[in-house]
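Quick note, the sequence shown lines up with residues 1 to 126 if you use full-length UniProt numbering.
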Amino acid sequence: MAKKAEQSRKKPNLHVKKGDTVKVIAGKDKGAEGKIIKVIREENRVVVEGVNRVKKHTKVVDQGGTTGGIITTEAPIHVSNVMLVEDGTVTRVGHKRVEVTKRRPDGSEYSSTRSVRISRKTGKEI
């Protein structure tokens, strides 16, 4: 029973990372480009700078020194609504395994593979 609960809490892998430049392909901000500020893997959402801006009303906190007011901030959007931008155009993301040489703590080396993201349009590593 515990094993099944563990599997349901597994975080999904996403096609974008923090720092990637993306273009919004659906929603009210369609066509906007921006950099990813935050990735929320548990909810399949990303926060993109300058996209999906909302106004938050904050309370006045006397002892904390925070003043109340209205703050404009970015809200998360679903990861399916963004596409990675590479060389000025949007592209899908693929993965491939590449050979690498790794070093053990004792100094000996061995060959292994690791996964890298590639552009589906150009085939180049991202």
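We put the beta carbon where it would ideally sit given N, CA and C, even for glycine.
When you compare the CB positions of Val47 and Pro76, do they come within less than 8 Å of one another, or not? The sequence position of residue 47 within the sequence shown is 47, counting from 1. The sequence position of residue 76 within the sequence shown is 76, counting from 1. Against a cut-off of 8 Å, the Cβ pair of Pro76 and Val47 comes out as a contact.
Buried versus exposed, by CB contacts within 10 Å (16 or more), Gly34: Here residue 34 corresponds to residue number 34 of the sequence shown, with the count starting at 1. It is buried - the Cβ of Gly34 has at least 16 other Cβ atoms within 10 Å.
Between the CA atoms of Val93 and Ile25 - distance to the nearest angstrom: Here the question's residue 25 lines up with position 25 in the sequence shown. Here the question's residue 93 lines up with position 93 in the sequence shown. Looking at the two C-alpha atoms, the distance is approximately 15 Å.
Specify the secondary structure class of Arg120 as computed by DSSP and reduced to three states. Reading the sequence shown from its first residue, position 120 is the one you call residue 120. It is coil, neither helix nor strand.
Is the beta carbon of Ile40 less than 8 Å from the beta carbon of Lys17? Against the sequence shown, residue 40 aligns to sequence position 40. Against the sequence shown, residue 17 aligns to sequence position 17. Contact: no.
Only counting runs of 3 or more residues, tell me where the beta strand (DSSP E) segments fall wholly within the stretch 54-104, in order along the chain. 69-74, 82-86, 89-91, 93-103
Quick one: residues in its chain with C-beta nearer than 6 Å to the C-beta of Thr72, no 5 flanking neighbours on either side, listed in chain order? Locating residue 72 in the sequence shown gives position 72, counting from the first residue. Around Thr72: Arg53, Lys55.
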